[in-house]
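**Q**
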Amino acid sequence: MANVQNTAVKTDAATSNSMTIIAPIAGWLLPGLGHFIQRRWIRGLLLMLAVFIMFFAGLGMQGKVYGFNTGDLLDILGFVGDVGSGLLYFIARAMDWGAGNIQRAVADYGTKYIVVAGLLNIICAVDAYHIAIGKKQ
Amino acid sequence: MTFEFSHFTAAVVFALCASTVFGITQRNNPRDMVRYGAYCFALFVGGVIVASWAMWLLKH
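As you go down the protein sequences, you meet chains A and B in turn. Quick note on my numbering: the first sequence kicks off at 127 and runs consecutively. Quick note on my numbering: the second sequence kicks off at 336 and runs consecutively.
1. Should G186 (chain A) and M368 (chain B) be called a contact, given that it needs their Cβ atoms to be closer than 8 Å?
2. Nearest-angstrom Cα distance between L392 (chain B) and Y255 (chain A)?
3. For the stretch 176–191 of chain A against the stretch 238–251 of chain A, do three or more pairs of beta-carbon atoms, one drawn from each stretch, fall closer than 8 Å, so that the two count as touching?
4. Contact between the stretch 217–227 of chain A and the stretch 187–196 of chain A: three or more CB pairs below 8 Å?
5. Going along the chain, which residues of the stretch 156–187 of chain A sit with their C-beta nearer than 7 Å to a C-beta in chain B?
6. Step through the CB atoms of chain B and report whether any lies within less than 8 Å of the CB of D253 (chain A).
7. State yes or no: is the beta carbon of Q229 (chain A) nearer than 8 Å to at least one beta carbon in chain B?
8. So G244 (chain A) packs on S211 (chain A), CB below 8 Å; how close in whole Å?
9. For chain C, find out if any of its Cβ atoms is closer than 8 Å to the Cβ of I359 (chain B); answer yes or no.
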């Protein structure tokens with residue numbers, strides 16, 4: 127009986143341990159996924175909607191998606207922010223979306239939307255990690 | 336597909352998405368999440384309105 131309990135405790139600990147690695151990575155790759163795999167369905171859905179709406183509204187406003195660069199500091203930071211969106215960023219780059227449009231004032235808002243979508247997604251991934259380690263319910 | 340947001344609409348959409356994420360990630364229980372999200376949203380939109388009136392006063 128004691129062996130069965132010990133095995134169950136070890137299995138739970140191993141699952142929890144692997145979740146601390148999987149949850150933030152999954153959350154970064156696809157917004158909300160880190161919450162979904164921990165059965166926080168509503169939170170995951172709301173976070174996914176928030177990040178998706180910001181990212182695609184940014185693209186819709188003809189915002190710029192930064193590529194990897196070693197030029198201007200603000201461009202480097204823009205790239206770091208954009209990469210926070212995970213797969214959305216890589217899909218946008220692969221599809222050649224987000225060329226930017228300097229003739230429209232709203233396009234600059236779009237660029238900021240895309241950067242902030244990435245930054246918000248990083249916050250979501252950290253939150254998924256906090257749930258995995260038990261710091262948050 | 337392109338969106339034609341006004342400045343205010345863009346600010347409100349930004350505030351809505353950011354405050355949703357802030358509310359969920361910065362608080363522990365659902366009631367506090369909703370309250371904190373609403374608080375952030377009010378501060379974002381209130382800040383936009385105050386800043387826009389301040390700019391109008393500076394111009395005139």
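Every residue, glycine too, gets a C-beta built ideally from N, C-alpha and C.
**A** On the basis of the supplied data:
1. Taking the first residue of the first sequence as 1, we reach residue 186 (chain A) at position 60. Taking the first residue of the second sequence as 1, we reach residue 368 (chain B) at position 33. No, Cβ-Cβ distance for G186 (chain A) and M368 (chain B) is not below 8 Å.
2. In the second sequence, counting from the first residue as 1, residue 392 (chain B) sits at position 57. In the first sequence, counting from the first residue as 1, residue 255 (chain A) sits at position 129. Annotation: L392 (chain B) to Y255 (chain A) spans about 46 Å, alpha carbon to alpha carbon.
3. Contact between the stretch 176–191 of chain A and the stretch 238–251 of chain A is established, with three or more Cβ pairs separated by less than 8 Å.
4. Counting Cβ pairs under 8 Å, three or more are found: they touch.
5. Contacts with chain B (Cβ-Cβ distance below 7 Å) from the stretch 156–187 of chain A involve R169, L172, L173, A176, I179, M180, A183, G186, M187, listed in chain order.
6. Residue numbering aside, residue 253 (chain A) sits at position 127 when the first sequence is read from its first letter. Contact with chain B is found for D253 (chain A), since one of that chain's Cβ atoms lies less than 8 Å from the residue's Cβ.
7. Your numbering for residue 229 (chain A) matches position 103 in the first sequence. Output row for Q229 (chain A): interface = no.
8. To locate residue 244 (chain A), count along the first sequence from 1; it is residue 118. To locate residue 211 (chain A), count along the first sequence from 1; it is residue 85. Sure, about 4 Å apart at Cβ, within 8 Å.
9. Absence of chain C from the displayed structure is noted, the protein chains being A and B.
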